[in-house]
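Input: a single structure, listed below in structure tokens.
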Amino acid sequence: MQIIRDLAVLPAALDALRGNGERIALVPTMGALHAGHMALMTEAKRLADKVVTTIFVNPLQFGANEDLDRYPRREAEDAAMLEAGGCDLVWMPSAEQLYPPGFATTISVAGISELWDGAARPGHFDGVATVVAKLLIAVMPHVALFGEKDYQQLAVIRQLVADLGLGIEVVGVPIVRDADGLALSSRNAYLTPEERRRAVAMPQSLIAARDAIQSGEAVDAVLARARATLEAAGFSAIDYVALCDAATLEPLVTLDRPARLAAAAKMGTTRLIDNLAV
Ligand code: PAF
100 MQIIRDLAVL
110 PAALDALRGN
120 GERIALVPTM
130 GALHAGHMAL
140 MTEAKRLADK
150 VVTTIFVNPL
160 QFGANEDLDR
170 YPRREAEDAA
180 MLEAGGCDLV
190 WMPSAEQLYP
200 PGFATTISVA
210 GISELWDGAA
220 RPGHFDGVAT
230 VVAKLLIAVM
240 PHVALFGEKD
250 YQQLAVIRQL
260 VADLGLGIEV
270 VGVPIVRDAD
280 GLALSSRNAY
290 LTPEERRRAV
300 AMPQSLIAAR
310 DAIQSGEAVD
320 AVLARARATL
330 EAAGFSAIDY
340 VALCDAATLE
350 PLVTLDRPAR
360 LAAAAKMGTT
370 RLIDNLAV
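Just so we're on the same page, the working numbering is the position in the sequence shown counted from 1, plus 99.
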């Protein structure tokens with residue numbers, strides 16, 4: 100597995116990987132890899148001949164009071180996991196190379212970026228869209244893979260790729276969960292053992308809400324109950340518990356089309372998100 104830091108040597112390394120028209124998959128990550136990322140790798144290997152992974156903790160997608168400084172950085176462990184997972188090339192760009200002095204472009208995906216996490220974290224999806232556009236353009240893979248845990252991010256990236264006509268297939272990979280149901284996230288590492296125990300209320304409240312909605316209960320009552328369950332478990336700063344259209348993410352008051360049930364809230368100082376198909 101080749102590890103590249105310098106943008107200047109990336110094009111030649113990618114040319115060599117492409118060889119005689121090999122199909123390339125890109126798995127963009129911020130590192131601190133876990134089994135959810137490895138599921139992206141597994142799917143990438145199924146869909147392509149060669150897999151490129153990026154590791155970059157993107158400062159543009161963190162708000163001023165968010166966790167950029169304490170975001171876990173585990174380069175050596177990440178590289179070992181990627182090598183074992185069959186990754187062919189890891190690109191670990193520096194912030195200086197991606198955003199050199201004078202960098203002045205922001206990619207903003209209107210509409211879908213403004214709902215839910217976009218409302219709770221102003222500028223977050225502009226940061227995601229900008230870095231993902233840069234990574235996609237630098238690598239120009241045939242296919243790029245993203246986890247469904249960040250379901251809105253996936254929708255934003257689908258829109259971005261379509262709007263810019265990049266001709267890259269965007270694939271969402273199902274959430275990987277711990278045995279008790281908590282969605283894997285690099286941020287779970289922030290939870291104390293007691294918070295980790297309580298955090299399972301998030302998937303549990305979503306499963307209960309999904310079952311109640313599917314059995315015909317009124318959506319607003321179900322969402323209110325899920326919110327109360329989260330509060331009772333010790334969640335605070337609940338940004339949303341919502342049923343939304345699976346494609347547009349617009350809020351739904353009745354289940355009349357494919358939908359997604361999603362929640363975001365803080366356990367202690369850690370903001371967790373989760374979602375389920377309904
Ligand atoms: O999901 C992530 O890890 C990040 O948001 C991404 C897509 C790598 C962009 O920085």
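Where is the CB? At the ideal position from N, CA and C, for every residue including glycine.
Computed from a predicted structure; not experimentally measured.
Below 7 Å, is the gap between the Cβ of Val275 and the nearest heavy atom of the ligand PLP?
Ligands displayed in this structure: the ligand PAF; the ligand PLP is not among them.
Could you give the first and the last residue of the continuous beta strand (DSSP E) run that contains Gly226?
Looking at the DSSP string, Gly226 is not in any beta strand (DSSP E); the run it does join, the alpha helix (DSSP H), is 223-238.
For Glu142, count neighbouring C-beta atoms within 10 Å of its own C-beta (all shown protein chains included) and say buried if the count is 16 or more, exposed if not.
buried
Endpoints, the alpha helix (DSSP H) within which Tyr250 is located:
250-262
Where does Asn157 land, buried or exposed, given buried means 16+ other C-beta within 10 angstroms?
buried
Own chain residues within Cβ distance below 6 Å of Leu234, not counting five before or after:
Cβ within range, chain order: Pro127, Thr153.
Using only CA atoms, which one of Val189, Val340, Arg173, Glu174 lies nearest to Val151?
It is Val189 whose Cα lies nearest to the Cα of Val151.
Suppose contacts are defined by Cβ-Cβ distances below 8 Å. Is Arg359 in contact with Asn374 by that definition?
In contact: Arg359 and Asn374 (Cβ atoms closer than 8 Å).
Short of 8 Å in beta carbon distance, which residues of its chain neighbour Leu116, apart from the five on each side in sequence? Order them along the chain.
Ile123, Lys149, Val151, Asp187, Leu188, listed in sequence order.
Excluding sequence positions up to five away, which residues of its chain have a Cβ less than 7 Å from the Cβ of His133?
Leu283, Ser285
List the DSSP bridge partners of Lys365.
Ser335, Arg370
Helix, strand or coil for Leu188 per DSSP?
strand
Short of 7 Å in beta carbon distance, which residues of its chain neighbour Ala112, apart from the five on each side in sequence? Order them along the chain.
Gln101, Ile103, Leu188
Who are the near neighbours of Ile256 in its chain, counting only those whose CB is closer than 7 Å to its CB and skipping five residues on each side?
Val231, Phe245, Val269
Please work out which residues of its chain come closer than 7 Å, Cβ to Cβ, to Arg326, disregarding the five sequence neighbours upstream and downstream, and give them in chain order.
Contacts found: Ile337, Val340.
C-alpha gap between Val227 and Gln252, whole angstroms
8 Å
Short Cβ contact (8 Å threshold) for Leu348 with Val377
no
Let me check one thing: in DSSP terms, what residues is Phe245 bridge-paired to?
Paired residue(s): Gly271.
Near Ala288, what residues of its chain come up, given a Cβ to Cβ distance below 8 Å and the 5 sequence neighbours on each side ignored?
Ala131, Pro171
Would you check if the distance between the CB atom of Thr328 and the CB atom of Ala362 is smaller than 8 Å?
No, they are not a contact pair.
Of the choices Met366, Ala346, Leu322, whose alpha-carbon is the least far from that of Ile211?
Ala346
Once DSSP output is grouped into helix, strand and coil, what is the label at Asp344?
strand
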